[in-house]
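Okay, so here's the structure we're looking at.
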Amino acid sequence: MLQLAYIRDNKEKVVDGLNKRRFAKAAEIIEEVIALDDQRKSTQAKHDQVLSESNALSKQIGMLMREGKKEEAEGVKAKTADLKTEGKELGEILSNCEDKLKELLYLIPNVPNNNVPEGGGADDNVVVYEHGTTPELPENAVPHWELIKSYDIIDFDLGNKITGAGFPVYKGKGARLQRAMINFFLDEAIKEGYVEVQPPIVINEDSGYGTGQLPDKDGQMYHIGEENFFLIPTAEVPITNMYRDVIVDVKDLPVKHVGFTPCFRREAGSWGAHVRGLNRLHQFDKVEIVEIHHPDNSYDALDRMCKHVQGLLEKLGLQYRVLNLCGGDMGFTSAQTFDMEVYSAAQKKWLEVSSVSNFETFQASRLKLRYRGDDKKMHLLHTLNGSALALPRILAAILENNQSEEGIRIPEVLVPYTGFDMIR
RNA sequence: AGAGGAGUGGCAGAGUGGUCGAAUGCGGCGGUCUUGAAAACCGUUGUACCGCGAGGUACCGGGGGUUCGAAUCCCUCCUCCUCUGCCA
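With numbering that gives the first Met the number 0 as the guide, the letters of the first sequence map in order to residues 0 to 423.
What follows is the structure, given as structure tokens:
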């Protein structure tokens, strides 16, 4: 979340930024935050004053008791009663203020950086890079949901039986190809210096708040009521939360992790005809990269992370483009996001396969993820993450773009991992 | 899952109702000494909030309670250890 001090010192910048992302009533909410914070400050001053007096009296009582002056002690005790009630009242006002303030701050999204384009939705995203050409498909080319049936590599009906819609069963060469991609993506990341982790795929509430899924995306995660746990929507959550309440030594920066996990999303309200086949699932596999940086370096890192993802797509021989997301289309926690989309030639559609973001201090603020600066003071670090990559849509593009009379050609870089070069 | 034990500053480890934000040791930082280093010695060394400052407040696993006063007593939750049970 945004820090109070930052909001106070940069009121206009914050309001402008929130307007850029089409956050309703930005100015009013910021004013409300500042007013609440004023109240919090003055209440705390009074509260501390009362506690201070009360502490002093308690010490007096302690000394008198030790000297055996019991009656005098009782006299002082009587004086504490009023302070006690006053302290209690002020304490309640204070925690009320703090709760309301927190509630408001949790609702305020990150401020987009200056390079984020204006715009209200997906149409306003700016294509900043394009690579590759659309493959020429045979006359009888079909979309991936037909290919997976005819080659019998993914079975949605089985998934429907076992669980429900959006939980496919990968079979035979389909399963093998999934495993190949996971290993390929992990190996490529490790070559880039990322340290692999295998985090839990179930998280607690604190972790959900830490990276900003809660309270913003409550309802989009699967909830385990008995334990109040959540199924992760992305490995970003457990991996970034490894650094909750951590002070990182500057010499250990940057922190770079990669992890493969299944991801679970309820996708409530976002189903429709446009999300057939692998385009949208409730459970899917993803390899995620997470970095933690000194604020001075985070945008260079964002750039390198994008390059890494682009490299993967190029090695897979996929046509892709890079979008600089506009203010209205960015995620809640992000300061800037680049989306990578691959072209799925039979659907004739661009599919988002990666989203690379710099959260600046937004997550670090909730996580209390800090470093000690040259000034000897504590400062928040910057967190970043990106998909590298999400599998289903990559698979959809590979299947569609590489189909031919002979079968589906496996990208060369994957062949050492699959052990076959064609799905026939 | 049941029984018992335990969670204190970067680490180790005192502290069972009153100047305890917390002894002591190690580590870290600064200094003296030294050609340099080690050793020794001296000093310093948590975080957050309020305040221009002096200073104040809070925090001893989390939350709640008792009390004038809680690291210390009570309740509850979490985590770890030991034993028993179960299990990939």
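C-beta: ideal position from N, C-alpha, C; glycine also. Here the structure is a predicted model, which is why all the values come from computation and not from measurement.
Go ahead and pull the three-state DSSP assignment for histidine 430.
It is not possible to answer for residue 430, since the shown part of the chain is limited to 0 through 423.
Can you give me the start and stop residues for the alpha helix (DSSP H) that leucine 89 sits inside?
As a first step, residue 89 is located in the first sequence; it is residue number 90 there, counting from the start. Counting along the chain, the alpha helix (DSSP H) containing leucine 89 begins and ends at 69-106.
For valine 412, the three-state DSSP class (helix, strand or coil):
Sequence index remark: in the first sequence, residue 412 carries index 413 (1-based). DSSP places valine 412 in helix when its eight states are reduced to three.
CB contact flag (alanine 72, leucine 63, <7 angstroms):
Locating residue 72 in the first sequence gives position 73, where the first residue counts as 1. Locating residue 63 in the first sequence gives position 64, where the first residue counts as 1. Contact: yes.
Looking at C-alpha atoms only, which residue of Leu383, Arg279, Asn401, Lys12 is the closest neighbour of phenylalanine 166?
If you number the first sequence from 1, residue 166 lands on position 167. Nearest of Leu383, Arg279, Asn401, Lys12 to phenylalanine 166, Cα basis: Arg279.
If you follow the beta strand (DSSP E) that tyrosine 242 is in, where does it begin and where does it stop?
For the purposes of this step, residue 242 is taken as the residue at position 243 of the first sequence. Segment: none, tyrosine 242 is in no beta strand (DSSP E) and carries neither H nor E.
Proline 410 and glycine 316 - do their beta-carbons sit closer together than 7 angstroms?
The residue labelled residue 316 in the question sits at position 317 within the first sequence. The residue labelled residue 410 in the question sits at position 411 within the first sequence. Closer than 7 angstroms, so yes.
So proline 307 packs on histidine 381, CB below 8 angstroms; how close in whole Å?
What you label residue 307 is simply residue 308 of the first sequence in a count that begins at 1. What you label residue 381 is simply residue 382 of the first sequence in a count that begins at 1. Checking the sequence, you will find histidine at residue 307 rather than proline. Between histidine 381 and histidine 307 the Cβ distance is about 17 angstroms, and since that is not below 8 angstroms, they are no contact.
Is the separation between the beta-carbon of glycine 209 and that of arginine 20 shorter than 7 angstroms?
Locating residue 209 in the first sequence gives position 210, counting from the first residue. Locating residue 20 in the first sequence gives position 21, counting from the first residue. Going by C-beta atoms, glycine 209 is not nearer than 7 angstroms to arginine 20.
If you follow the alpha helix (DSSP H) that isoleucine 161 is in, where does it begin and where does it stop?
Here the question's residue 161 lines up with position 162 in the first sequence. Its alpha helix (DSSP H) spans residues 155-161.
Round the Cβ separation of alanine 389 and phenylalanine 283 to the nearest angstrom and send it over; I've been treating them as touching at under 8 angstroms.
Numbered from its first residue, the first sequence carries residue 389 at position 390. Numbered from its first residue, the first sequence carries residue 283 at position 284. So it is a contact: roughly 6 angstroms between Cβ atoms.
7 angstroms Cβ shell around leucine 311 - same chain, five flanking residues per side excluded
Against the first sequence, residue 311 aligns to sequence position 312. Cβ neighbours of leucine 311 beyond the five flanking positions: Phe184, Glu187, Ala387, Leu388.
Give the range of the beta strand (DSSP E) segment to which glycine 385 is assigned.
Along the first sequence, read from residue 1 onward, the residue named residue 385 stands at position 386. Glycine 385 -> beta strand (DSSP E) spans 381-389.
Under DSSP, the beta strand (DSSP E) around tyrosine 342 begins and ends at which residues?
The residue you call residue 342 lines up with position 343 of the first sequence. Taken as a continuous stretch (DSSP letters only), the beta strand (DSSP E) holding tyrosine 342 covers 335-343.
Straight-line Cα distance separating glutamate 97 from glutamate 85:
Indexing the first sequence from 1 puts residue 85 at position 86. Indexing the first sequence from 1 puts residue 97 at position 98. Glutamate 85 and glutamate 97: Cα-Cα distance of roughly 18 angstroms.
Does DSSP put proline 237 in a helix, a strand or coil?
Counted from its first residue, the first sequence places residue 237 at position 238. The answer is helix: DSSP assigns proline 237 an H, G or I state.
In DSSP terms, what glutamate 195 is bridged to:
Against the first sequence, residue 195 aligns to sequence position 196. DSSP output for glutamate 195 lists Val257 as bridge partner(s).
Beta-bridge pairing of glutamine 59 - partner residues as DSSP gives them
Against the first sequence, residue 59 aligns to sequence position 60. Glutamine 59 pairs with nothing; no bridge assigned.
Which residue marks the beginning of the alpha helix (DSSP H) containing phenylalanine 361, and which one marks its end?
On the first sequence, position 362 is the one that residue 361 refers to. Taken as a continuous stretch (DSSP letters only), the alpha helix (DSSP H) holding phenylalanine 361 covers 361-366.
Is it true that the segment 118-136 meets the segment 368-382, where meeting means three or more beta-carbon pairs spaced less than 8 angstroms apart?
Touching, no.
I want to know whether the segment 399-419 touches the segment 339-355 - three or more CB-CB distances under 8 angstroms.
yes
Just verifying my parser: in three-state terms, what is the DSSP assignment at histidine 46?
The residue you call residue 46 lines up with position 47 of the first sequence. In this structure, histidine 46 counts as helix in the three-state DSSP scheme.
Would you kindly work out how many angstroms separate the C-alpha atoms of proline 237 and leucine 252, rounded to a whole number?
If you number the first sequence from 1, residue 237 lands on position 238. If you number the first sequence from 1, residue 252 lands on position 253. So the two alpha carbons sit approximately 19 angstroms from each other.
Beta-carbon spacing of histidine 256, tyrosine 298 below 7 angstroms
Taking the first sequence and counting its residues from 1, the one referred to as residue 256 is at position 257. Taking the first sequence and counting its residues from 1, the one referred to as residue 298 is at position 299. Contact: no.
Could you name the residues of the same chain whose beta carbon sits closer than 8 angstroms to that of arginine 39, not counting the 5 residues immediately before and after it, in chain order?
Here the question's residue 39 lines up with position 40 in the first sequence. The answer, listed in chain order, is Leu93, Cys96, Glu97, Leu100.
So what does DSSP say about leucine 213, is it helix, strand or coil?
Residue mapping note: residue 213 aligns to position 214 of the first sequence, counting from 1. Of the three classes helix, strand and coil, the one that applies to leucine 213 here is coil, per DSSP.
Under the three-state DSSP convention, the category tyrosine 319 falls into:
Residue mapping note: residue 319 aligns to position 320 of the first sequence, counting from 1. Strand.
Could you give the DSSP three-state label for arginine 178: helix, strand or coil?
Counting from 1 along the first sequence, the entry for residue 178 is found at position 179. Looking at arginine 178 - three-state DSSP - the assignment turns out to be helix.
Rounded to a whole number of angstroms, what is the C-alpha to C-alpha distance between lysine 367 and arginine 178?
Here residue 367 is taken as the residue at index 368 of the first sequence, counted from 1. Here residue 178 is taken as the residue at index 179 of the first sequence, counted from 1. If I take the Cα positions, the gap works out to 36 angstroms.
Quick check on DSSP: helix, strand or coil for glycine 372?
The count along the first sequence starts at 1 and reaches residue 372 at position 373. Three-state DSSP puts glycine 372 in coil, outside helix and strand.
So, do the segment 195-205 and the segment 224-242 have three or more beta carbon pairs nearer to each other than 8 angstroms?
Contact between the segment 195-205 and the segment 224-242 is present, because at least three Cβ pairs lie under 8 angstroms.
What did DSSP end up calling tyrosine 221 once you bin it into helix, strand or coil?
Position 222 of the first sequence holds residue 221. Here tyrosine 221 sits in coil by DSSP.
Can you find the residues in the same chain that come closer than 8 angstroms, C-beta to C-beta, to aspartate 123, ignoring five residues on each side of it along the sequence?
Translated into positions along the first sequence, residue 123 becomes position 124. Here the set comprises Pro116, Glu117, Cys325, Gly327, Asp328.
Would a C-beta distance cut-off of 7 angstroms place leucine 383 and alanine 300 closer than the cut-off?
Residue 383 sits at position 384 when you count from the first residue of the first sequence. Residue 300 sits at position 301 when you count from the first residue of the first sequence. Yes, these two residues count as a Cβ contact at 7 angstroms.
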